[in-house]
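> Below are the structure tokens for one structure; questions will follow.
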Amino acid sequence: MDQLNDHIAIVNNKLQQLLKQYDFLLKENAQQEQLIKTLQEQQLGNKERLETLQQQNLVLKASVTDMAPADKKELEQKLSQYIKNIDKCISLLSQ
Numbered sequence: 004m005d006q007l008n009d010h011i012a013i014v015n016n017k018l019q020q021l022l023k024q025y026d027f028l029l030k031e032n033a034q035q036e037q038l039i040k041t042l043q044e045q046q047l048g049n050k051e052r053l054e055t056l057q058q059q060n061l062v063l064k065a066s067v068t069d070m071a072p073a074d075k076k077e078l079e080q081k082l083s084q085y086i087k088n089i090d091k092c093i094s095l096l097s098q
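Going left to right, the sequence shown walks through residues 4 to 98 as this note's numbering numbers them.
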């Protein structure tokens, strides 16, 4: 009978250890999810900042009188894209 009680105690101890480990992993998982969310927000902010800087770069290039043909074409494409987006917004607003 003592042997059975010993086995029960061992199983109980292992169960307690597993429960503690499970709780720890749950907390760690929550921290990792929060970190992922924070990093995704930072990445989005960095992407928006990059787009803003690229637009500023194009504007600065456009202000220079001598513009390379490739830069001029890129600027025209961006302006065309902006115009299309504006037209789309206007059409959505007028509906």
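Using N, Cα and C, we set each Cβ at its ideal position, and we do this for glycine too.
1) Need the endpoints of the alpha helix (DSSP H) that D74 sits in, please.
2) Compare the C-alpha of D74 against each of Q57, K87 and Q37 and name the closest.
3) To the nearest angstrom, how far is the alpha carbon of S66 from that of L38?
On the basis of the data shown:
1) P72 to S97
2) Q57
3) 42 Å
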